[in-house]
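Which chain is which? The protein sequence lines are A and B, in order. Note that the working numbering has the first sequence beginning at 1, numbered continuously upward. Note that the working numbering has the second sequence beginning at 1, numbered continuously upward. From the three backbone atoms N, C-alpha and C, an ideal C-beta is built for every residue, glycine too.
Number of protein chains: 2
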Amino acid sequence: METGRTRAAIVARGVAVASVEGLEGLTIGRLAADLGMSKSGLLGHFGSKEALQLEVVDAAAAIFTREVADRATGTAPGLPRLRALCAAWVSYLEREVFPGGCFFIAAAAEFDDRAGPVRDAVAGLTALWERDLRIHVRLAVAAGDLPAGTDPDQVVFELGGVLMALNYGLRLRRDPGAPARARRALDQLIGTGPTVAARAGRAAPAARPPAA
Amino acid sequence: METGRTRAAIVARGVAVASVEGLEGLTIGRLAADLGMSKSGLLGHFGSKEALQLEVVDAAAAIFTREVADRATGTAPGLPRLRALCAAWVSYLEREVFPGGCFFIAAAAEFDDRAGPVRDAVAGLTALWERDLRIHVRLAVAAGDLPAGTDPDQVVFELGGVLMALNYGLRLRRDPGAPARARRALDQLIGTGPTVAARAGRAAPAARPPAA
DNA sequence: CCTACCGATCGGTAGG
DNA sequence: CCTACCGATCGGTAGG
């Protein structure tokens with residue numbers, strides 16, 4: 001891994017451009033013009049557009065980790081961590097950490113029907129994030145903070161849906177009320193009520209079995 | 001509106017290509033080659049790429065209406081219609097009506113940070129669909145089939161999230177279990193239980209007020 | 001509907 | 001890091 005300043009500047013600019021225009025819309029000529037350098041000078045750092053895209057995806061993952069995952073490390077594993085992760089996730093979209101909204105929601109939509117290393121990288125990173133969430137759902141169930149019988153994959157599926165709806169509400173709908181809706185929906189899924197007993201006593205969304 | 005067969009064939013092919021490669025990835029040369037005609041012959045039908053994109057978006061909307069909205073018209077307005085619309089929505093993704101998943105989820109993600117007529121068309125059509133859903137949520141509340149105090153916009157927000165999670169689960173995750181998860185999540189939001197009384201008696205997700 | 005063409009830009013290479 | 005260049009493709013036009 002090189003640590004050159006120029007290289008880092010290229011990748012940083014690439015992340016910003018890709019979050020708005022897409023990873024395919026990130027062209028070498030445009031990026032070179034943005035940074036005041038020649039196309040070949042820029043390409044020399046990476047070798048190919050695909051290699052650049054992969055570095056941009058990795059850099060976006062590092063930003064996501066710093067701006068979302070790392071903000072929750074102070075909380076206890078299980079339900080507190082899960083809530084903190086989701087709160088940080090909403091905040092990350094509210095703060096517009098990437099100028100084009102969630103980098104990975106955009107990249108997932110762009111590459112979900114393609115094949116190749118970029119798709120694999122996006123799928124792998126999102127899978128890691130979902131795994132992290134799932135772990136804390138499991139811990140929450142084990143601790144009795146989520147109802148016994150809760151399906152962790154179902155919770156992660158629904159949490160992802162809420163965040164995609166938030167990204168959509170902010171970017172396409174430009175609805176400033178979207179974060180409040182997302183928080184309200186998250187509250188339904190992983191609660192914010194203070195007592196475990198209160199949650200256990202009511203019909204538990206995540207635990208309810210499929211309708212046959 | 002022309003009704004030419006060639007023109008219709010171009011648009012139909014354009015819808016399929018755009019659902020996979022994106023509306024920007026739909027190029028005139030590629031489309032012309034697919035259909036065995038010249039670029040200028042193809043472009044003559046529309047005048048510009050943007051005009052073609054707009055026709056493709058409209059054609060996709062017609063397909064969505066036929067494959068989703070129209071399949072629910074036999075049900076009573078209100079909760080039955082809402083449930084039928086959502087069931088048809090899930091089915092439409094399961095059946096892969098578009099080869100690249102939901103045309104409008106993909107188009108929304110692609111154009112949410114751009115300006116211009118294509119973005120406006122996508123935003124307008126999705127707003128119409130959400131309005132349709134909201135109407136039936138309101139009717140359901142008025143009929144007592146959803147709890148009094150239910151926020152229709154909140155329900156529509158969450159329904160959209162479930163469908164985006166389904167599209168993501170099918171396309172990026174390639175998870176055949178995703179439709180079952182979506183149905184289970186929808187069941188939480190708009191129920192499938194047979195009796196209104198049973199729903200009214202339990203904690204109602206859609207009606208719960210924000211956590212201050 | 002076609003051929004022929006336009007300038008611009010694409011990703012990438014040669015050679016320094 | 002650069003200039004200079006490659007063939008391919010982009011959206012679009014002229015003229016028929």
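Serine 91 of chain A sits in a helix when the DSSP states are folded into three classes. Annotation: asparagine 167 of chain B to alanine 51 of chain B spans about 27 angstroms, alpha carbon to alpha carbon. Look at the stretch 167-192 of chain B and you find these whole runs of alpha helix (DSSP H), each 4 residues long or longer: 178-190. Contact residues of the stretch 168-180 of chain A toward chain B are Tyr168, Gly169, Arg171, Leu172 and Ala180 (C-beta to C-beta distance below 7 angstroms). Note that the stretch 84-95 of chain A does not touch the stretch 146-154 of chain A; fewer than 3 beta-carbon pairs, one per stretch, sit closer than 8 angstroms. According to the DSSP assignment, glycine 29 of chain A belongs to the alpha helix (DSSP H) that extends over 28-35.
Under the DSSP assignment, phenylalanine 111 of chain A falls in the alpha helix (DSSP H) whose first and last residues are 103-111. For phenylalanine 64 of chain A, the enclosing alpha helix (DSSP H) covers residues 49-67. Contact of glycine 161 of chain B with chain A is assigned, a C-beta pair being separated by under 8 angstroms.
In the DSSP assignment, leucine 146 of chain B falls outside any alpha helix (DSSP H) and carries neither an H nor an E.
When Cβ pairs closer than 8 angstroms are counted between the two stretches, the stretch 118-133 of chain B is seen not to touch the stretch 117-136 of chain A, the count staying below three. Boundaries of the alpha helix (DSSP H) around serine 19 of chain B: 5-21. Assignment of threonine 126 of chain A by DSSP, reduced to helix, strand and coil, places it in the helix class. Using a Cβ-Cβ distance cut-off of 8 angstroms, the stretch 37-46 of chain A and the stretch 100-120 of chain A are not in contact, since fewer than three pairs of beta carbons, one from each stretch, lie closer than that value. Check the Cα spacing between glutamate 21 of chain B and each of A:Ile135, A:Ala109 and A:Leu172: the tightest is with A:Ala109. A straight line joining the alpha-carbon of arginine 174 of chain B with that of proline 117 of chain A spans about 16 angstroms. The beta carbon of arginine 7 of chain A sits closer than 7 angstroms to those of His45, all from its chain and outside the five residues before and after it, given in chain order. Here the alpha carbon of alanine 142 of chain B sits roughly 16 angstroms from the alpha carbon of aspartate 132 of chain B. From the listed residues B:Glu130, B:Phe111, B:Phe64 and B:Lys49, the smallest Cα separation to leucine 159 of chain B is found for B:Glu130.
If you compare the alpha carbons of B:Asp34, B:Glu96 and B:Glu24 with that of proline 179 of chain B, the shortest gap goes to B:Glu96. For chain A, the residues of the stretch 116-128 of chain B that bring a beta carbon within less than 9 angstroms of one of its beta carbons are Arg119, Val122, Ala123, Thr126 and Ala127, in chain order. In this structure, leucine 54 of chain A sits away from aspartate 145 of chain A, with a CB-CB distance that is not shorter than 8 angstroms. Annotated three-state conformation of arginine 138 of chain A is helix, per DSSP. Here serine 48 of chain B is exposed, its C-beta having fewer than 16 other C-beta atoms within 10 Å.
Here the C-alpha atom of alanine 32 of chain B lies approximately 15 angstroms from the C-alpha atom of glutamate 24 of chain B.
Using a 10 angstroms sphere on the CB of arginine 181 of chain A, the tally of other CB atoms reaches 16 or more, which defines it as buried.
Sequence-distant partners of alanine 12 of chain A (beyond 5 residues in either direction) whose C-beta falls short of 8 angstroms from its own C-beta, in its chain, are Ala59.
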